[in-house]
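Before any comments, here is the structure.
Number of protein chains: 2
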Amino acid sequence: MSDKHIASVFDRDLETIQAQIMKMGGLVEESILKAAQSLEERDEELAESVRSADIAIDELEDLINENTARLIALRAPAAVDLRVILTVMKIASNLERIGDYAKNMAKRTGVLVQMTPINGSYSALRRMAREVQLMLKDALDAYIQRDAELAMDVIHRDQDVDQMYNALFREFLTFMMEDPRSITACMHLHFIAKNTERMGDHVTSIAEQVVYLVTGKMPEDNRPKGDQTSVDVALGKV
Amino acid sequence: MSDKHIASVFDRDLETIQAQIMKMGGLVEESILKAAQSLEERDEELAESVRSADIAIDELEDLINENTARLIALRAPAAVDLRVILTVMKIASNLERIGDYAKNMAKRTGVLVQMTPINGSYSALRRMAREVQLMLKDALDAYIQRDAELAMDVIHRDQDVDQMYNALFREFLTFMMEDPRSITACMHLHFIAKNTERMGDHVTSIAEQVVYLVTGKMPEDNRPKGDQTSVDVALGKV
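The following block contains the structure:
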């Protein structure tokens, strides 16, 4: 009876933390989309809202870290429960990093509105951001539903994001070589593309945690590395 | 008597994990230096050794994660001990990221040896890497000695690294504008500079954890942001 009571208190505490993770995930998803939209529409006000959302995201991570530490200290969870808690902490840490990249993207909007737009790149960047946001949504769903298959699907989709990045990298190189006046803008756009690719890596890391949580094994790291093509570009292969 | 026994077992387990953290830190320090050296001396063999060291670094992180999880599950540590364990996990995670950046730098060495060297940049990159390695050494010493003052010193020194990055960013922009044939090489060098700056951010994050561990408070985030100058550059302020 007493055991059951303790278990249910643990579950309730865990549910509170999971609700916080979902809230944090929702804010991060929104930030990714808004950052890309602010860039495409040259909307500085929208960019500013991403920067203030990042404060809320950071606060949620602090709260989740406090709550998980308290949960471990008070309830001394057994192996399985502990694994869930450690997964939650890692997911929160990955979400915080993705939020940082979105903030950084929004920050560059303020710079890029001062410059001549680079043809077509903004919509490509927005498609890339949209793909990452959808992957994040699925990775969080996979966590809640303990769905290793969905998590594996997210991991595989990261290759599409890597390919989008590689295509943009080539495009920016061409722009810069054709018109040196575009170099500064292209450097910023290239950073945004690279940071979006890194968001994808963090989403993949969340999905890997889910696979580990459900199956007890980390998925094999056999996907091609994200910036291989940019190495090929450098070697003159394209 | 029984309590004392439990405490000493906990301390012994923790010491084992701390020895693993120090080993991991040593490997990461070495990788930072070797990666920068391989770049400057165009030494592909040295670059390759950084890539294999990264495997050992990743394995150490896995080991530390397993050992900390086991320690929490077996010993159900009280608040203070738990804080130490969670700090150790965060330090391991930061070290793993720094190792990844060093590996990425080494990987680009293989690409850059195929291109005409960019005057002077390699030694500047090496000085930057050297500064980050010294900061990391001090951050880990601050952890072992529970020295919040040394940790704060590390946090402040990150500004120097940010300044070195900003100077290099300006230099690369100038090179690219003067000679479009240098664009590809400069893009890679710029990535290396940015990744080294990010290594500094991770070292700072370790130092902040130490401050939190010793004082119970996170240091105020009032340092200027790393890429402010590159924003200024873009706005034509330099």
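As given, the protein sequences belong to chains Y and E, one line each in that order.
First residue of the first sequence: 1023, per this note's numbering; consecutive thereafter.
First residue of the second sequence: 1023, per this note's numbering; consecutive thereafter.
C-beta atoms are modelled at their ideal positions from N, C-alpha and C, and glycine is treated no differently.
Three-way DSSP call (helix, strand, coil) for residue i in this model
{"i": "N1116/E", "result": "helix"}
{"i": "E1339/Y", "result": "Since the displayed chain Y opens at 1023 and closes at 1260, residue 1339/Y lies outside it and no answer follows."}
{"i": "P1202/Y", "result": "helix"}
{"i": "I1140/Y", "result": "coil"}
{"i": "V1232/E", "result": "helix"}
{"i": "G1248/E", "result": "Confidence in G1248/E is poor, its pLDDT being 44 and thus under 50, which makes the residue's placement unreliable; the coordinate value appears in the next sentence. In the structure shown, G1248/E sits in coil (DSSP, three-state: anything other than H, G, I, E or B)."}
{"i": "D1184/E", "result": "helix"}
{"i": "D1160/Y", "result": "helix"}
{"i": "V1102/E", "result": "helix"}
{"i": "E1063/Y", "result": "coil"}
{"i": "D1169/E", "result": "coil"}
{"i": "V1050/Y", "result": "helix"}
{"i": "V1110/Y", "result": "helix"}
{"i": "V1176/Y", "result": "helix"}
{"i": "V1133/Y", "result": "helix"}
Partners in chain Y for residue i, counting only beta-carbon separations shorter than 7 angstroms
{"i": "L1104/E", "result": "A1091, I1094 and A1095"}
{"i": "A1098/E", "result": "A1098"}
{"i": "A1101/E", "result": "A1095"}
Length of the line joining the Cα atoms of residue i and residue j
{"i": "T1109/Y", "j": "M1046/Y", "result": "15 angstroms"}
{"i": "M1186/Y", "j": "R1149/Y", "result": "9 angstroms"}
{"i": "A1229/E", "j": "A1164/E", "result": "8 angstroms"}
{"i": "N968/E", "j": "D1201/Y", "result": "Nothing can be reported for residue 968/E: it is not among the residues displayed for chain E, which extend from 1023 to 1260."}
{"i": "Q1136/Y", "j": "K1056/Y", "result": "19 angstroms"}
{"i": "K1247/Y", "j": "I1077/E", "result": "At K1247/Y, the pLDDT of 45 sits below 50, so the modelled position is not reliable; the number obtained from the coordinates is stated separately. Cα-Cα distance, rounded: 15 angstroms."}
{"i": "R1203/E", "j": "T1138/E", "result": "10 angstroms"}
{"i": "I1079/Y", "j": "I1086/Y", "result": "11 angstroms"}
{"i": "A1173/Y", "j": "F1197/E", "result": "44 angstroms"}
{"i": "V1255/Y", "j": "G1132/E", "result": "Note that V1255/Y scores a pLDDT of 43, beneath 50, so its modelled location is shaky; the value from the coordinates is reported in the next line. Computed Cα separation, rounded: 13 angstroms."}
{"i": "N1188/Y", "j": "E1219/Y", "result": "10 angstroms"}
{"i": "L1096/Y", "j": "A1215/E", "result": "44 angstroms"}
{"i": "A1151/Y", "j": "R1192/Y", "result": "18 angstroms"}
{"i": "N1126/Y", "j": "S1074/Y", "result": "12 angstroms"}
{"i": "S1030/E", "j": "A1091/E", "result": "18 angstroms"}
{"i": "K1259/E", "j": "P1099/Y", "result": "Residue confidence is low: K1259/E scores 35 on pLDDT, short of 50, so the model does not pin down where it sits. No coordinate-derived value is stated."}
{"i": "D1182/E", "j": "R1168/Y", "result": "45 angstroms"}
{"i": "M1044/Y", "j": "V1154/Y", "result": "17 angstroms"}
{"i": "D1160/E", "j": "S1227/E", "result": "13 angstroms"}
{"i": "S1145/E", "j": "D1180/E", "result": "19 angstroms"}
Buried versus exposed, by CB contacts within 10 Å (16 or more), residue i
{"i": "T1038/Y", "result": "exposed"}
{"i": "R1130/E", "result": "buried"}
{"i": "E1051/E", "result": "buried"}
{"i": "M1280/Y", "result": "Past the edges of chain Y, shown from 1023 to 1260, lies residue 1280/Y, and the structure says nothing about it."}
{"i": "G1238/Y", "result": "exposed"}
{"i": "Q1231/E", "result": "buried"}
{"i": "Q1059/Y", "result": "buried"}
{"i": "V1176/Y", "result": "buried"}
{"i": "R1034/E", "result": "exposed"}
{"i": "D1122/Y", "result": "buried"}
{"i": "H1178/Y", "result": "exposed"}
Contact set between residue i and chain Y, taken where Cβ atoms lie within less than 9 angstroms
{"i": "A1161/E", "result": "Those within 9 angstroms of A1161/E in chain Y number zero; the least Cβ separation is about 18 angstroms."}
Amino acids of chain E, ordered along the chain, whose beta-carbon sits closer than 8 angstroms to that of residue i
{"i": "M1198/Y", "result": "M1198, P1202 and I1205"}
{"i": "A1170/Y", "result": "Simply none; closest approach about 19 angstroms."}
Neighbour list for residue i in chain E, Cβ cutoff strictly below 7 angstroms
{"i": "L1190/Y", "result": "Near L1190/Y there are no residues of chain E at all, since even the closest Cβ is about 12 angstroms away, more than 7 angstroms."}
Within chain E, the residues that residue i reaches when beta carbons sit closer than 9 angstroms
{"i": "L1108/Y", "result": "N1087, T1090, A1091, I1094 and M1111"}
Residue i at chain C interface by Cβ criterion, 8 angstroms
{"i": "A1189/E", "result": "Of the protein chains in this structure, namely Y and E, none is chain C."}
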